Amino acid sequence: MASSSIKAISTTSPFKASSSPSSQPPSSSKPSLLSFLHTSSSNPISLTLSHSHSHAHNSHSHSFLITNVLKTADSSETSVSKSQNLKPTSSDSTPTILVSEKLGEAGLQVLRGFGNLDCAYNLSPEELCAKISTCDALIVRSGTKVTRQVFEAAKGRLKVVGRAGVGIDNVDLQAATEFGCLVVNAPTANTVAAAEHGIALLTAMSRNVAQADASIKAGKWLRNKYVGVSLVGKTLAVMGFGKVGSEVARRAKGLGMNVISHDPYAPADRARAVGVDLVSFEQAIATADFISLHMPLTPATSKVFNDETFAKMKKGVRIINVARGGVIDEDALVRALDSGVVAQAALDVFTEEPPTKDSKLVQHENVTLTPHLGASTKEAQEGVAIEIAEAVVGALKGELSATAVNAPMVPPEVLSELSPYVVLAEKLGKLAVQLVAGGSGITSVRVVYKSARDPDDLDTRLLRAMITKGIIEPISASFINLVNADFVAKQKGLRISEERVAVDSSPEFPVDSIQVQISNVGSKFASSVSESGSISIEGKVKYGEPHLTCLGSFGVDVSLEGNLILCRQVDQPGMIGQVGNILGNDNVNVSFMSVGRTVQKKALMAIGVDEEPNKRTLEKIGKVPDIEEFVFLNL
2 MASSSIKAIS TTSPFKASSS PSSQPPSSSK PSLLSFLHTS SSNPISLTLS
52 HSHSHAHNSH SHSFLITNVL KTADSSETSV SKSQNLKPTS SDSTPTILVS
102 EKLGEAGLQV LRGFGNLDCA YNLSPEELCA KISTCDALIV RSGTKVTRQV
152 FEAAKGRLKV VGRAGVGIDN VDLQAATEFG CLVVNAPTAN TVAAAEHGIA
202 LLTAMSRNVA QADASIKAGK WLRNKYVGVS LVGKTLAVMG FGKVGSEVAR
252 RAKGLGMNVI SHDPYAPADR ARAVGVDLVS FEQAIATADF ISLHMPLTPA
302 TSKVFNDETF AKMKKGVRII NVARGGVIDE DALVRALDSG VVAQAALDVF
352 TEEPPTKDSK LVQHENVTLT PHLGASTKEA QEGVAIEIAE AVVGALKGEL
402 SATAVNAPMV PPEVLSELSP YVVLAEKLGK LAVQLVAGGS GITSVRVVYK
452 SARDPDDLDT RLLRAMITKG IIEPISASFI NLVNADFVAK QKGLRISEER
502 VAVDSSPEFP VDSIQVQISN VGSKFASSVS ESGSISIEGK VKYGEPHLTC
552 LGSFGVDVSL EGNLILCRQV DQPGMIGQVG NILGNDNVNV SFMSVGRTVQ
602 KKALMAIGVD EEPNKRTLEK IGKVPDIEEF VFLNL
């Protein structure tokens with residue numbers, strides 16, 4: 002933790018109590034759940050709810066599946082329509098399931114036993130749009146693009162899209178949610194296959210197997226040219242210690258390699274159990290002889306391996322990628338290969354698939370390539386087929402799946418009452434994770450709900466899911482909702498504990514404030530650390546909008562919208578003017594400024610800005626005398 006005398010420029014990692022009535026939202030205020038349902042808050046929204054019976058509730062209550070998200074911009078009313086359970090009850094209602102790419106026979110048998118199966122492969126976008134209006138479910142792999150046009154062409158009939166695999170880059174989640182279509186995937190069945198392929202590329206690359214094979218077939222015998230490197234004693238950096246990454250690490254240890262890993266969520270004890278040390282991103286890339294990529298493709302990780310990153314690596318490093326092509330800047334990789342910074346690369350995935358024939362990367366003699374074969378074993382294909390078929394059938398029956406990536410379940414009365422606090426909860430989670438220092442693994446989160454209500458009258462499942470969403474989504478490929486929040490958190494070793502504290506306020510409002518604490522981590526902003534040593538933030542809903550009310554020991558009043566710069570400073574005149582002039586001179590528009598003070602003559606200045614300042618502007622702020630530390634946060 003930085004001392005108060007140290008200035009720190011903090012940006013996000015590449016993985017990335019008053020109870021007065023005025024602090025509560027007006028009863029008519031209903032902020033949308035668009036962020037929770039992966040829709041754009043800039044679009045007009047309406048909320049349509051479809052009814053399904055839930056045996057887990059009392060007979061007088063029901064559970065509702067949020068299937069269509071739209072709210073009229075000039076109306077605060079919520080429209081609710083009810084439809085029957087999706088399970089077919091007669092031959093007339095037997096669902097039609099379209100499979101647009103090859104699926105294992107075991108999965109097809111599951112589908113045939115439930116509905117009308119239509120296997121139509123290699124459909125053009127136009128052909129898919131023409132056919133989809135007669136289908137209740139669609140199953141794809143990575144080759145079919147399920148765009149907004151597909152959902153529009155379905156005319157409301159399409160109930161579920163199943164992705165036979167992990168990534169859902171080819172499915173428009175926002176459109177799926179808007180059109181009331183559940184999206185499920187199959188994240189577990191191909192784990193071992195992908196890990197084995199990563200090891201296959203690692204060993205083939207290190208011994209020049211592909212190049213030597215091609216030379217012999219060309220009639221050459223070049224033993225001296227294709228001298229390889231040994232793996233024993235070399236350091237492998239596994240970038241992403243999830244299912245596949247951890248399996249690669251186990252196998253690499255068996256080859257005698259020293260394995261380190263960077264993953265902001267991997268628990269240190271789980272890594273230590275297989276002999277792996279968790280390190281920072283910078284340490285991983287600077288010390289590794291081999292780097293194996295197993296990170297998701299998110300805005301934060303897009304082209305994270307670029308000219309700047311390659312320049313920090315050990316000369317002669319070798320790179321393996323069986324994750325997502327977009328995490329590597331392919332032009333930068335070619336330059337690194339030409340300069341010798343990167344000795345070799347072995348790639349199974351590409352930014353554009355298939356890559357062009359004249360690609361410099363494809364034609365480079367020090368690159369070993371395979372056509373996205375990570376999950377391509379007979380065993381994995383059958384496992385994925387069964388997993389996705391069962392998930393799709395379950396969704397058509399109206400059941401919930403831990404692999405659902407949108408459309409949460411929530412009672413309508415709870416949804417209506419908690420809607421403004423849902424936005425607050427996600428914002429607090431998103432803010433908290435950005436305060437965690439790089440290299441710190443998050444394992445424990447404590448949430449405190451302050452409320453005047455009896456604990457049994459406060460349903461916090463949706464709020465907990467939204468906090469989980471805010472913490473995990475910025476640095477993960479996971480899509481969090483009420484269905485899968487606890488499941489994903491458990492997978493990532495994240496334990497979320499909840500506490501309800503009674504306060505003397507109006508029971509008319511379900512929550513007075515929400516506090517999020519992250520313990521056993523370093524902080525980018527020392528002022529966010531409470532006396533207990535945890536990163537601690539607290540917020541309220543005021544006039545229907547989320548506000549930050551406490552950061553560490555500082556009381557603040559900050560609207561949680563847009564971008565935010567937090568500065569700890571010596572409390573003296575002129576500080577606001579100095580920072581404001583820097584931002585104004587660099588054409589950064591300030592939306593608000595707020596200052597909170599402590600008795601130690603310290604102040605916390607919060608500045609809302611419309612756009613992200615560039616690095617030079619942030620450096621100028623850091624050089625202002627008497628600013629002890631600051632951090633930029635994207636909310």
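This note's numbering puts the first residue of the sequence shown at 2, with every later residue one more than the last.
For every residue, glycine included, the Cβ atom is placed at its ideal position computed from N, Cα and C.
Remember, it's a predicted structure, so these values are computed and weren't measured experimentally.
Taking G276 as the centre and dropping the five residues before and after it, the same chain places the C-beta of K254 closer than 6 Å to its C-beta, in chain order. Membership of S247 in any beta strand (DSSP E) is not indicated; the residue belongs instead to the alpha helix (DSSP H) covering 244 to 255. Of all C-beta pairs linking the stretch 382 to 395 to the stretch 356 to 373, fewer than three are shorter than 8 Å, placing the two stretches out of contact. Per DSSP, K543 lies in no alpha helix (DSSP H) segment; the continuous beta strand (DSSP E) that holds it begins and ends at 536 to 543. In this chain, the beta strand (DSSP E) harbouring L549 covers 546 to 552. In this structure the stretch 140 to 150 touches the stretch 95 to 113; the number of beta carbon pairs closer than 8 Å is three or more. In this structure E331 is buried. Its beta-carbon is surrounded by 16 or more other beta-carbon atoms within 10 angstroms. With fewer than 16 other Cβ atoms inside 10 Å of its own Cβ, N582 counts as exposed.
Under the three-state reduction of DSSP, H263 is assigned to strand.
The residue from P574, A201, V393 with its alpha-carbon nearest to that of R113 is V393. For G317, the closest of G229, E539, P356, D264 by C-alpha to C-alpha distance is G229. Put simply, the backbone Cα of I536 is about 36 Å away from that of A177. The beta carbon of T618 is closer than 8 Å to those of I583, L584, D587, V589 in its chain, skipping five residues each way along the sequence. With fewer than 16 other beta carbons inside 10 angstroms of its own, T95 counts as exposed. I472 and A503 have their C-alpha atoms spaced approximately 26 Å apart. In this structure, G597 sits near V557, with a CB-CB distance shorter than 7 Å.
Distance check between R336 and each of K493, D308, L348 places D308 closest, using alpha-carbon atoms only. Its chain contains L419, Y422, V423, A426, V448, Y450, V512, I515 as the residues whose beta carbon lies nearer than 8 Å to that of L464, once the 5 sequence neighbours on both sides are disregarded; these appear in chain order. With respect to V350, G326 sits close: the two C-beta atoms are nearer than 7 Å. DSSP places T236 within a strand segment (E or B) once states are collapsed to three. About 6 Å separates the beta carbons of V151 and L129, which is inside the 8 Å limit, making them a contact pair.
Rounded to whole angstroms, the gap between the alpha carbons of A285 and L567 is 29 Å. A Cβ-Cβ separation of about 4 Å places G494 in contact with P268 under the 8 Å criterion. Leaving aside the five residues that flank V172 on each side, the residues in its chain whose CB is nearer than 7 Å to its CB run, in chain order, V147, V162, R164, V184. If you check the CB distance, L436 and S531 do not come in under 7 Å.
Bounds of the alpha helix (DSSP H) holding D270 are 269 to 274.
Closest by C-alpha distance to K315, out of S498, V305, L237, is L237.
Between F291 and the set V305, S281, D278, N322, the nearest pair of CA atoms involves N322.
If you draw a straight line from the Cα of A527 to the Cα of D458, it is about 36 Å long.
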